[in-house]
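> Protein chains in written order, with our numbering: chain B, 12 to 155; chain X, 12 to 155. Ideal Cβ positions, reconstructed from N, Cα and C, are used throughout, including at glycine.
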């Protein structure tokens with residue numbers, strides 16, 4: 012079965028490194044939704060070597076830090092699920108108390124209508140947010 | 012506001028270490044659902060020092076490994092959300108193709124009725140599973 016994360020980046024490419032990439036998911040209701048995708052087709056975090064796992068998680072943490080500094084979200088959500096696409100990828104999502112699902116996970120049913128103005132304001136920040144994410148993650152693993 | 016993870020273990024205590032504990036959540040439809048709870052009241056993974064973060068994630072990975080070895084699940088799901096309880100805790104969940112929500116996240120709407128017999132069989136394994144988890148995580152961070 013073809014794997015969509017082996018065949019394509021999986022979203023807007025923010026930074027590509029030797030062993031992983033950061034993409035921005037294009038989820039309509041959650042603009043500040045990034046994914047750290049490990050290039051190799053492995054299913055589980057524990058499939059990685061200790062060094063690879065540390066590098067992968069360092070990237071996740073760097074993305075989280077940028078979201079916190081740049082956006083001051085109510086919460087950051089991290090998840091590695093992979094039930095549909097069992098190719099290791101981490102969701103890193105800035106959540107806001109006013110978003111359509113808060114405090115439920117983004118995979119639950121919405122609690123309220125999207126705040127169109129808030130989403131537009133957040134989307135306007137994506138070019139600089141992408142740049143800040145790329146800058147933050149670019150040093151991770153570079154010396155291995 | 013009182014924090015439930017500061018006030019109580021938050022589930023069936025499987026192992027308590029100096030800086031964290033592993034509990035088993037008592038989620039009716041997902042018996043093999045563990046949580047790694049950091050003792051200190053911090054909200055985000057990036058609030059931890061590098062050493063603490065590495066220790067926390069080493070525990071998560073050990074729990075994942077035990078679930079894979081003992082249960083051979085279709086997938087392991089990892090998540091740190093904390094929208095409702097912003098006290099760092101990791102969900103580590105063994106997922107099965109036949110479970111009520113697969114391949115959706117456990118927080119989505121169910122796709123099918125629970126398989127009562129499969130759940131009972133899984134529940135019967137929990138005492139030995141808890142023991143295996145406790146044994147696997149007990150060495151993490153012990154020498155710091």
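Tell me the DSSP secondary structure of residue 129/X in three-state form.
Residue numbering aside, residue 129/X sits at position 118 when the second chain is read from its first letter. Helix, per DSSP.
> Under a three-way DSSP split, which group does residue 38/B fall into?
For this step, residue 38/B is matched to residue 27 along the first chain. Three-state result, residue 38/B: strand.
> Which residues of the stretch 53-69 of chain X have a Cβ closer than 8 angstroms to any Cβ of chain B? Give them in chain order.
54, 55, 56, 57, 64, 65 and 68
> Of all the residues that make up the stretch 88-118 of chain B, which are near chain X by a beta-carbon distance shorter than 8 angstroms?
For the stretch 88-118 of chain B, the set of positions with a beta-carbon nearer than 8 angstroms to some beta-carbon of chain X reads 88, 89, 90, 91, 92, 93, 94, 95, 97, 106, 113, 114, 115, 116 and 118 in chain order.
> Got a sec: which bits of the stretch 120-138 of chain X sit with their beta carbon under 9 angstroms from any beta carbon on chain B, in order along the chain?
Here the close residues are 120.
> Name the two residues that bound the continuous alpha helix (DSSP H) containing residue 76/B.
The sequence position of residue 76/B within the first chain is 65, counting from 1. Residue 76/B -> alpha helix (DSSP H) spans 61-82.
> Should the stretch 31-46 of chain B be called in touch with the stretch 86-103 of chain B, which here means at least 3 C-beta pairs below 8 angstroms?
yes
> Rounded to whole angstroms, what's the CA-CA distance from residue 24/B to residue 71/B? Just pull it up for me.
Position 13 of the first chain, counting from 1, holds the residue named residue 24/B. Position 60 of the first chain, counting from 1, holds the residue named residue 71/B. Computed Cα separation, rounded: 15 angstroms.
> From residue 136/X to residue 137/B, what distance separates their C-alpha atoms?
The residue you call residue 136/X lines up with position 125 of the second chain. The residue you call residue 137/B lines up with position 126 of the first chain. Spanning the two alpha carbons is a distance of roughly 47 angstroms.
> Assign residue 91/X to one of three DSSP states: helix, strand, or coil.
Residue numbering aside, residue 91/X sits at position 80 when the second chain is read from its first letter. Strand, per DSSP.
> Going along the chain, which residues of its own chain have a beta-carbon closer than 7 angstroms to the beta-carbon of residue 15/B, five neighbours each way excluded?
As a position in the first chain, residue 15/B is number 4, starting the count at 1. Excluding positions up to five away in sequence, the list reads 21 and 96.
> Does any residue of chain B have a CB that is nearer than 8 angstroms to the CB of residue 18/X?
Residue mapping note: residue 18/X aligns to position 7 of the second chain, counting from 1. Taking Cβ atoms only, chain B never reaches closer than 8 angstroms to residue 18/X, which makes this a no.
> Any heavy atom of the ligand ADP closer than 7 angstroms to the beta-carbon of residue 69/B?
The ligand ADP is not among the ligands present in this structure, which contains no ligands whatsoever.
> What number of angstroms, rounded off, separates the C-alpha of residue 119/X from the C-alpha of residue 152/X?
Counted from its first residue, the second chain places residue 119/X at position 108. Counted from its first residue, the second chain places residue 152/X at position 141. The alpha-carbon atoms of residue 119/X and residue 152/X are separated by roughly 34 angstroms.
> How far does the alpha helix (DSSP H) with residue 146/B in it reach, from first residue to last?
In the first chain, residue 146/B corresponds to position 135, counting from 1. It spans 137-148 - the alpha helix (DSSP H) in which residue 146/B sits, taken as one unbroken run.
> In angstroms, rounded to a whole number, what distance separates the CA positions of residue 74/X and residue 125/B?
Residue numbering aside, residue 74/X sits at position 63 when the second chain is read from its first letter. Residue numbering aside, residue 125/B sits at position 114 when the first chain is read from its first letter. Going by the C-alpha atoms only, they are around 37 angstroms apart.
> Between 121/X, 27/X and 12/X, which lies nearest to residue 142/X when the distance is taken from Cα to Cα?
Locating residue 142/X in the second chain gives position 131, where the first residue counts as 1. Looking at the Cα atoms, 27/X is the closest of the given residues.
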